[in-house]
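Asks: I have a structure here, written as structure tokens, and I will follow up with some questions on it.
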Amino acid sequence: MADPVLSVRDLMVEIPTRHAVLRPVNGVTFDLAPGEILGMVGESGAGKSMTGNAVIGLLDRPARIAGGEILLHGKRIDQLSGEALRKLRGKHIGMVFQDPLTSLNPLLTIGEQLTETILEHLDVSQTEARQRAVDGLNEVGIPAAEQRMDAYPHQFSGGMRQRVVIALALCAEPSLIIADEPTTALDVSVQAQIIALLKRLCRERGTSVMLITHDMGVIAETADRVAVLYAGRMAELGSARDVLTHPQHPYTIGLMGSTPLASAGRERLYQINGSMPRLDALPIGCAFNPRCSRAQAQCGQEPPPTLAAHNDRAACWFAGEQT
Amino acid sequence: MERLHTAWNSDFIWSFRHSPVAVVSLAIVMILVLAAVFAPLVAPYNPFDPATLNLMNGFSKPMEPNAFTGDTFWLGTDDQGRDVFSTILYGMRVSLFVGFTAVLFALILGVSLGLIAGYVGGWTETAIMRVADVQLTFPAILVAMLIFGIAKGITPVHMRDEMAIWVLIIAIGLSDWVQFARVVRGATLVEKNKEYVQAAKLIGRRPGAIMLKHILPNVLSPVLVIATISLALAIIAEATLSFLGVGAPPTQPSLGTLIRIGQGYLFSGEWWIILFPAITLLVLALSVNLLGDWLRDALNPKLR
């Protein structure tokens, strides 16, 4: 594998509260190769977005990175601060947010927002920045891009706005895009287009993508590899094909079982009993054990070994054993 | 031309055109402001030029020829023979100038501090907002009088009259910044968590640039409303201070000073000296206030 664009090693995010220190992200480790699309799935509160925010360095207080390393192109960025971090992360990381309604400034034209970003990071003239902005809009499929440069965000539909957001994320030529549920706020009919667009553009440019979502369908269509998060821990990590067709962690198996398929009959979908534990009341041992259909005595005593970057597939005592 | 047409058809202008109160208020405010600005051209007399004053004209009744000189004054004259209409125009000049400048001062101070408090947070926010809270526990007029008193104490005696207007502006401005700061801080707290601000942070914009370019324009519409209503309040505050004798000096009387002067003659039958400045003040403050009310409704999408 080529040198990874992003390496996250044993990342731990903490939120100190009055009663306990919560760890919404606890020992997450993964690599992201150039041009690779990594899907991050998990329930709400599993730590997907927290991981993303930690990588871009925009954790809201009081959350903080308490341990582990984040390396961007081999350079540690989790301990950088101020000026150096601003420059580095802005240049190398682009972000596509969930809600295109709030991810564009309502009072600036999209042209202004694009050129602002381009001028901040690329050494080009005003005219060239504008030209690049128009090219960017063309690429994401905005018709009459030249005229639309002077339009305000409210003059676009949701799907078009998300296209603009993608153009905005890509315009400074980052090597990594973090897409935090980019299709959740969109119509189902538009979701597929946006995902296809994001995938195509990143393939063309060799941009890596960290795709945060809870939509298994999106993952299946897009991702090369999949990381499944549960209660801040990595439950399973592997190639999309393996994880989706032969899930090994009981949680992933449950997730797959609860995804509706057009080909399946009208039986009831599988349901994982219970809900994710509160972070201040994590069960002893494996965090999933109270809900796990395969839990044994061992699972309630000792947490399973955490996943190293490439080796294991699932963080489960009984991974790989077929039921 | 096309832009003009779009503007004319915008929701904002439409709601203005369809609000008789707003149209009339704006018309009155415009007339008063223009009359004040062009007072030297509009006023029939220059009431502060001793050479044109004739003491014999003192206490002329409105619209009646003076018993000694035969001159007629629309709104009568005061004890020194100054035309009340002209003094009102000149007085409005002072009142409006003090009002506008004080609000501008309060706005700049309050908006900057509110923006910083909301965006930076932490100790900076605590410090700024606690000062604001403490100041809110005193009546604004008391704060203004306090500042006025301190400023008067430290300015040299021969400069007091010249400085009085500026001291008044600073006093009213300082007593009024709090509401700007509170509103802007609140709006900033909402805006700074929106994703476009996160995006601006991510691309590496400096905090100052984010505050000025991204957050400030998005928090301005409540500021506009407060500024308008503050203008009315500032004009009244100035009149109150002047009425109490701590505001505009008699050499540069504002509406408040005129009311104070007129008050002395109310019970001896010269009612016009106090009545007309008071009506002017009332109409001015009311129109500005109604305009502010309309603006609040027009800019509030929930009330549309």
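In order, the protein sequence lines correspond to chains E and U.
For the first sequence, the numbering used here gives the first residue as 1, with consecutive numbering after it.
For the second sequence, the numbering used here gives the first residue as 1001, with consecutive numbering after it.
Note that CB positions come from ideal geometry on N, CA and C, so glycine has one too.
Got a sec: which bits of the segment 1180-1212 of chain U sit with their beta carbon under 7 angstroms from any beta carbon on chain E, in order along the chain?
Replies: Listed by position, the residues of the segment 1180-1212 of chain U near chain E (Cβ gap below 7 angstroms) are Lys1194, Glu1195, Tyr1196, Gln1198, Ala1199, Lys1201, Leu1202, Ile1203, Gly1204, Arg1205.
Asks: Which ranges would you report for the alpha helix (DSSP H) in the segment 1150-1213 of chain U if only whole runs of at least 4 residues count?
Replies: Whole alpha helix (DSSP H) segments, 4+ residues: 1160-1174, 1177-1192, 1195-1202.
Asks: Look up Ala295 of chain E in the DSSP assignment and say whether it is helix, strand or coil.
Replies: In the structure shown, Ala295 of chain E sits in coil (DSSP, three-state: anything other than H, G, I, E or B).
Asks: His121 of chain E CB to nearest chain U CB: under 9 angstroms?
Replies: Yes, His121 of chain E lies at the interface with chain U (some Cβ there is under 9 angstroms from its Cβ).
Asks: Could you tell me which chain U residues have their CB closer than 9 angstroms to the CB of Gly90 of chain E, listed as they occur along the chain?
Replies: In chain order: Lys1201, Leu1202, Ile1203, Gly1204, Arg1205.
Asks: Report all residues from its chain with a CB closer than 6 angstroms to the CB of Gln322 of chain E; omit the five preceding and five following residues, and keep chain order.
Replies: Low per-residue confidence applies at Gln322 of chain E: pLDDT is 49, beneath 50, and the placement is therefore not dependable, though the value from the model is reported in the following sentence. Closer than 6 angstroms at Cβ, skipping near neighbours: no residue.
Asks: Taking the C-alpha atoms as reference points, what is the distance between Thr1077 of chain U and Leu1281 of chain U?
Replies: Using only the alpha carbons, I get a separation of about 18 angstroms.
Asks: Ala1164 of chain U and Ile1235 of chain U: beta carbons closer than 9 angstroms?
Replies: Taking 9 angstroms as the Cβ cut-off, Ala1164 of chain U and Ile1235 of chain U do not qualify as a contacting pair.
Asks: Please report the distance separating the alpha-carbon of Ala1102 of chain U from that of Glu1125 of chain U.
Replies: Roughly 24 angstroms between the two C-alpha positions.
Asks: Taking the CB atoms as reference points, tell me whether Gly159 of chain E and Gln193 of chain E lie closer together than 9 angstroms.
Replies: Going by C-beta atoms, Gly159 of chain E is nearer than 9 angstroms to Gln193 of chain E.
Asks: With 9 angstroms as the threshold, decide whether the Cβ of His1005 of chain U is near any Cβ in chain E.
Replies: No, His1005 of chain U lies away from the interface with chain E (no Cβ there is under 9 angstroms from its Cβ).
Asks: How about Leu58 of chain E and Lys1201 of chain U: do their beta carbons lie closer than 9 angstroms?
Replies: Against a cut-off of 9 angstroms, the Cβ pair of Lys1201 of chain U and Leu58 of chain E comes out as a contact.
Asks: In or out: Lys48 of chain E buried (at least 16 other Cβ within 10 Å) or exposed?
Replies: It is buried - the Cβ of Lys48 of chain E has at least 16 other Cβ atoms within 10 Å.
Asks: Spell out the partners DSSP gives Tyr230 of chain E in its beta bridges.
Replies: DSSP output for Tyr230 of chain E lists E:Arg233 as bridge partner(s).
Asks: Between the segment 215-230 of chain E and the segment 28-41 of chain E, can you find at least three pairs of beta-carbon atoms closer than 8 angstroms?
Replies: Yes: the two stretches touch, three or more of their Cβ pairs being nearer than 8 angstroms.
Asks: Count the other CB atoms, across all protein chains shown, that sit within 10 Å of the CB of Met216 of chain E; report buried if there are 16 or more and exposed otherwise.
Replies: Buried.
Asks: Spatial neighbours of Ala314 of chain E within its chain, please: C-beta separation below 6 angstroms, excluding the five flanking residues on both sides.
Replies: Within the same chain, Ala314 of chain E has close Cβ partners Glu236, Gln248, His249.
Asks: Roughly how many angstroms separate the alpha carbons of Ala1039 of chain U and Val164 of chain E, rounded to a whole number?
Replies: Each residue's Cα considered, the two are about 54 angstroms apart.
Asks: Nearest-angstrom Cα distance between Ser1015 of chain U and Ser275 of chain E?
Replies: Taking the straight line joining both Cα atoms gives about 51 angstroms.
Asks: In the segment 74-87 of chain E, which residues sit with their C-beta less than 7 angstroms from some C-beta in chain U, listed in chain order?
Replies: From the segment 74-87 of chain E, only Arg86, Lys87 have a Cβ closer than 7 angstroms to chain U.
Asks: So what does Met30 of chain E bridge to, in DSSP terms?
Replies: Checking the sequence shown, residue 30 of chain E turns out to be Phe, not Met. Beta-bridge pairing links Phe30 of chain E to E:Val8.
Asks: Identify whether Asp1011 of chain U lies in helix, strand or coil by the three-state DSSP scheme.
Replies: Note: Asp1011 of chain U maps to helix in three-state DSSP.
Asks: Can you look up Gly217 of chain E in the DSSP assignment and give me helix, strand or coil?
Replies: Reduced to three states, the DSSP call for Gly217 of chain E is helix.
Asks: So with Cβ pairs under 9 angstroms, would you call Pro1217 of chain U a contact of chain E?
Replies: Chain E contact via Cβ: present.
Asks: Pull up the distance between the alpha-carbon of Ala1106 of chain U and that of Leu1168 of chain U, whole angstroms please.
Replies: So the two alpha carbons sit approximately 12 angstroms from each other.
Asks: Exposed or buried, which one is Ser175 of chain E when buried takes at least 16 other CB atoms within 10 Å?
Replies: Answer is buried; the Cβ neighbour count reaches 16.
Asks: Would the segment 1132-1142 of chain U count as touching the segment 1262-1273 of chain U if we require 3 or more Cβ pairs under 8 angstroms?
Replies: No, because fewer than three Cβ pairs between the segment 1132-1142 of chain U and the segment 1262-1273 of chain U fall closer than 8 angstroms, the two stretches do not touch.
Asks: Once DSSP output is grouped into helix, strand and coil, what is the label at Ala66 of chain E?
Replies: DSSP places Ala66 of chain E in strand when its eight states are reduced to three.
Asks: Can you tell me which residues form a DSSP beta bridge with Ser239 of chain E?
Replies: DSSP, once it has assigned bridges, lists E:Arg225 as partnering Ser239 of chain E.
Asks: Any idea which residues DSSP pairs Ile177 of chain E with across the strands?
Replies: For Ile177 of chain E, which the question treats as bridged, DSSP gives the partners E:Gly94, E:Val209.
Asks: Can you tell me whether Asp3 of chain E is helix, strand or coil according to DSSP?
Replies: Here Asp3 of chain E sits in coil by DSSP.
Asks: Apart from the five residues just before and just after Arg1304 of chain U, which ones in its own chain have a Cβ nearer than 6 angstroms to its Cβ?
Replies: Because the pLDDT at Arg1304 of chain U is just 49, under 50, the model does not fix this residue reliably, and the point stays unresolved.
Asks: Let me confirm a value: Ser293 of chain E is counted as buried when at least 16 other C-beta atoms fall within 10 Å, else exposed. Which label applies?
Replies: It is exposed - the Cβ of Ser293 of chain E has fewer than 16 other Cβ atoms within 10 Å.
Asks: Using 10 angstroms around the beta-carbon of Phe971 of chain U, count the other beta-carbons present and answer buried if the total reaches 16, otherwise exposed.
Replies: Residue 971 of chain U falls outside the range modelled here, since chain U spans only 1001 to 1304, and no answer is possible.
Asks: Please name the residue or residues paired with Leu38 of chain E in a DSSP beta bridge.
Replies: According to DSSP, which records beta bridges pairwise, Leu38 of chain E is partnered with E:Met210, E:Arg225.
Asks: Taking DSSP as the reference, what is the three-state secondary structure of Leu1295 of chain U?
Replies: Here Leu1295 of chain U sits in helix by DSSP.
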